[in-house]
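Okay, so here's the structure we're looking at.
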Amino acid sequence: MAQAGKASLKRGKPNYIYTVVGVALVLLIMGIMGWFFLNLNAVGNTFKEDIRLSAYMRTLNKDTIAQIQQFIAAKPYAKNVVYVDKNTAKEIWNKENNEDWAKILDVNPLPESIDFYAKAEYVNKDSLAVISADLMANYGNQITDLQYPQSLVTSLNERASKIGLIFLVVAITLCVIVIFSIDNTIRLAMFSNRFLIKTMQMVGATQSFIARPLNIRAVVNGLISSGIAIVLMFSLIGWAESQFPQLKAIRNTNHTLLLFGGLIILGVGISVLSTHRSVLKYLKMKLDDLY
């Protein structure tokens, strides 16, 4: 039995290359899913921020109009605040409806307005109601109404909620699969190292002494796997943006860096945890049970 143990010990070095590659591929799948979600969220935000809000006004002097425009522009929700006079409003209406009603009406019934776009996090029914109430509270005598396509806002938010829920379920499922896949890959690699672990224990090595080099190796392997996954992700993102230039327009570098950071934490964390669990498992086993 001792001879068999020595023979197993000689060939008991785990094949870290397969482990690193296997973990890298699993992290790559996780990264692609995360990147897809970030882009889908960015597209949804782009649609929300393309919704125009119009604060319709009574006929006012230029100073009052400028004051209201500055008031809206100073708010954290506002983007691209512009004053739209009656003639410009007519041009916008004709363009959007593809017709010219000047042939029918002699006067321009459209009111002046201050048009602006809201940041994505404010484009929902409750936030827009607060914005409208704020404008009416401060300029109720000058502003008649805040208009926006309410049905479109409701539809966008409902779809975003449904898609978000679907992605949450998919993300949780994928995370579980990723964790188990990485854990099994590392446990298989550690299986070939079981005799080395047991031999070190039998000659008097402490648990921390045995686990330390293996945990360090797990950190290194996790970093290498994460690095490979990130390089592949970076290449795929570059290729995708070259094929679809619209992706470059909605790219958020900070979110992408956070995604890469998450891959590093996931790769290193699971590698260390799985390695340490395997070490403890083999330390508790009897020698005969290792065969």
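Once you know that position 208 of the sequence shown is 208 in my numbering, the rest is easy, because the numbers rise by one and skip nothing. Note that the Cβ used here is the ideal one computed from N, Cα and C, for glycine as well.
So, is V279 buried or exposed, given that buried needs 16 or more other C-beta atoms within 10 angstroms? Here the question's residue 279 lines up with position 279 in the sequence shown. Answer is buried; the Cβ neighbour count reaches 16.
Where do the ends of the beta strand (DSSP E) carrying A55 lie? By 1-based counting over the sequence shown, the position of residue 55 is 55. Unbroken beta strand (DSSP E) run through A55: R52 to M57.
DSSP-derived helix/strand/coil call for G5: On the sequence shown, residue 5 is found 5 positions in, with the first residue counted as 1. Its pLDDT being 43, under 50, G5 is placed unreliably in this model, and the coordinates cannot settle the point.
List the endpoints of the continuous beta strand (DSSP E) containing L146. Here residue 146 refers to the residue found at position 146 when the sequence shown is read from its first residue. Start and end: I143 to Q147.
If you compare alpha carbons, which of T19, Y18, I17 and I29 is closest to I230? Reading the sequence shown from its first residue, position 230 is the one you call residue 230. Distances from the CA of I230 to each of T19, Y18, I17 and I29 were compared; the closest alpha carbon is that of I29.
Please classify A74: does DSSP put it in a helix, a strand, or coil? Position 74 of the sequence shown, counted from the first residue, corresponds to residue 74. A74 sits in coil when the DSSP states are folded into three classes, being neither helix nor strand.
Of all the options I182, I265 and K62, which has the alpha carbon lying nearest to the alpha carbon of V21? Your numbering for residue 21 matches position 21 in the sequence shown. In terms of CA proximity to V21, I182 leads the group I182, I265 and K62.
Reduced DSSP secondary structure (H/G/I, E/B, other) of V178: Here residue 178 corresponds to residue number 178 of the sequence shown, with the count starting at 1. The three-state secondary structure of V178, taken from DSSP, is helix.
Whole-number beta carbon distance between S274 and R317, since they are thought to touch under 8 Å: Given that the chain is displayed from residue 1 to residue 291, the structure contains no residue 317 and the question cannot be resolved.
Can you tell me whether V26 sits near the ligand SAM, meaning its C-beta is under 6 Å from at least one heavy atom of the ligand? By its list of ligands, the structure shown contains no ligand whatsoever, and the ligand SAM lies outside what it can speak to.
Excluding sequence positions up to five away, which residues of its chain have a Cβ less than 7 Å from the Cβ of N45? Mapped onto the sequence shown, residue 45 falls at position 45. Hits under 7 Å: A120.
L266 versus Y16, L25, K125 and Q150, residue with shortest Cα-Cα distance: Taking the sequence shown and counting its residues from 1, one reaches residue 266 at position 266. Of the candidates Y16, L25, K125 and Q150, the one whose C-alpha sits nearest the C-alpha of L266 is L25.
So I210 and M200 are supposed to be a Cβ contact under 8 Å. How far apart are they, rounded? Here residue 210 corresponds to residue number 210 of the sequence shown, with the count starting at 1. Here residue 200 corresponds to residue number 200 of the sequence shown, with the count starting at 1. Right, the Cβ-Cβ distance comes to about 5 Å (below 8 Å), so this counts as a contact.
Does I92 have its Cβ less than 7 Å from a Cβ in chain B? Reference to chain B is not applicable here, since this structure consists of a single protein chain.
Three-pair Cβ contact test at 8 Å for the region 33-43 versus the region 153-170: Using a Cβ-Cβ distance cut-off of 8 Å, the region 33-43 and the region 153-170 are in contact, since at least three pairs of beta carbons, one from each stretch, lie closer than that value.
Considering only the alpha carbon of each residue, which of F244, E241 and A189 lies closest to A218? As a position in the sequence shown, residue 218 is number 218, starting the count at 1. Per the Cα distances, A189.
Excluding the 5 residues preceding and the 5 following G222 in the sequence, name in chain order all residues of the same chain whose CB lies nearer than 6 Å to its CB. Numbered from its first residue, the sequence shown carries residue 222 at position 222. Non-local beta-carbon contacts of G222 in its own chain, meaning distances under 6 Å to residues more than five positions away in sequence, involve G267, V268 and S271 in chain order.
Pull the bridge partners of F312 from the DSSP assignment, please. No answer is possible for residue 312: the residues shown for the chain start at 1 and end at 291.
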